[in-house]
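> Throughout the sequence shown, residue numbering follows mature numbering (1 follows the signal peptide of the UniProt record, and there is no 0), covering -20 to -1, 1 to 182 in sequence. We put the CB at the ideal spot given by N, CA and C, even for glycine.
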Amino acid sequence: MIRPSVRFLICLILIVSSAGEKRDLTLEEVSSVKCFQNPVSIDFPPQLQDILSELYTFDNGKYTYYIAPLEKIVHSSHFGDSTGKCLGAFTGFVGDPYSNSRIILQFSGGGQCVGHQVRRATLTISCSRELSSPFEIQEVQELGPCETAIIAASPVVCTISPKPKEPKPIEETPDRMQQLIEIEEQLILLRNRVLELVEQLP
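#1: Just mark Ser6 as buried or exposed, buried being the case when its beta carbon has 16 or more other beta carbons within 10 Å.
#2: Cutting at 7 Å between CB atoms, please list the residues of its own chain near Arg109, excluding the five before and the five after it.
#3: Let's test the definition: count the other Cβ atoms within 10 Å of the Cβ of Val20 and tell me whether it reaches 16, buried, or not, exposed.
#4: For Met157 and Leu167, what's the separation of their Cα atoms in angstroms?
#5: Between which residues of its own chain and Ser88 is the CB-CB distance below 8 Å, once the five residues before and five after are set aside?
#6: Identify whether Leu67 lies in helix, strand or coil by the three-state DSSP scheme.
#7: Alpha carbon to alpha carbon, how far is Gln159 from Ala129? Give it in angstroms, no decimals.
#8: Check each candidate in Cys126, Asn40, Glu51 and name the one with the smallest Cα separation from Gly95.
Have a look at this one:
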């Protein structure tokens, strides 16, 4: 016969186990998670279009992270509320996105956090020529209750070429203007000389 205290303990374990069942969010559920800020559209290397347009997941045993690099980052707890919380919406790059060593994406305006703060996150993608897959999330670091850092790698980053520099407009300085005037005068003299020679022809 099971004693009442043992029976209570068994029931408690069953309740906790049931509450801790992991349930993955669907794509629709991830998309429906609200952030305080909307994602922005920013210029970035075309080589990154494919890997940044996918939805990735990472499970650390406590949370499942859903990373849509050009949209938002969401996580859901394995215990209790599993509806998903926004860790931040994509707001741009930290530094030069045309680097072939690593790029850092910034996410801000996530869900409300402790002390009326809002959640924020970064996604760092480093160059990895040895990686067989086009993109791999390697680690998630909780830097604080409201800040998350996601570490990833991709061989695609290694192929990024520096952004072509736009030609600088010619500055119309006084010296430059004087040079243009002198050139124009020389062209006029040359044209007149040619006309004189043409008139002298038999």
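Looking at the atomic coordinates:
#1: In the sequence shown, residue 6 corresponds to position 26, counting from 1. Per the sequence presented here, residue 6 reads as Thr, with Ser not at that position. Result: exposed.
#2: Along the sequence shown, one-based indexing puts residue 109 at 129. Excluding positions up to five away in sequence, the list reads Pro135, Cys138.
#3: The count along the sequence shown starts at 1 and reaches residue 20 at position 40. Exposed, since its Cβ has fewer than 16 Cβ neighbours within 10 Å.
#4: Against the sequence shown, residue 157 aligns to sequence position 177. Against the sequence shown, residue 167 aligns to sequence position 187. Cα-Cα distance, rounded: 15 Å.
#5: Here residue 88 refers to the residue found at position 108 of the sequence shown. Excluding residues within five positions, the ones whose Cβ falls inside 8 Å are Gln17, Gly68, Ala69, Thr71, Val98, Arg100.
#6: Numbered from its first residue, the sequence shown carries residue 67 at position 87. Reduced to three states, the DSSP call for Leu67 is strand.
#7: For this step, residue 129 is matched to residue 149 along the sequence shown. For this step, residue 159 is matched to residue 179 along the sequence shown. Each residue's alpha carbon lies about 56 Å from the other.
#8: Taking the first residue of the sequence shown as position 1, residue 95 is located at position 115. For the residues Cys126, Asn40, Glu51, the minimum Cα distance to Gly95 belongs to Cys126.
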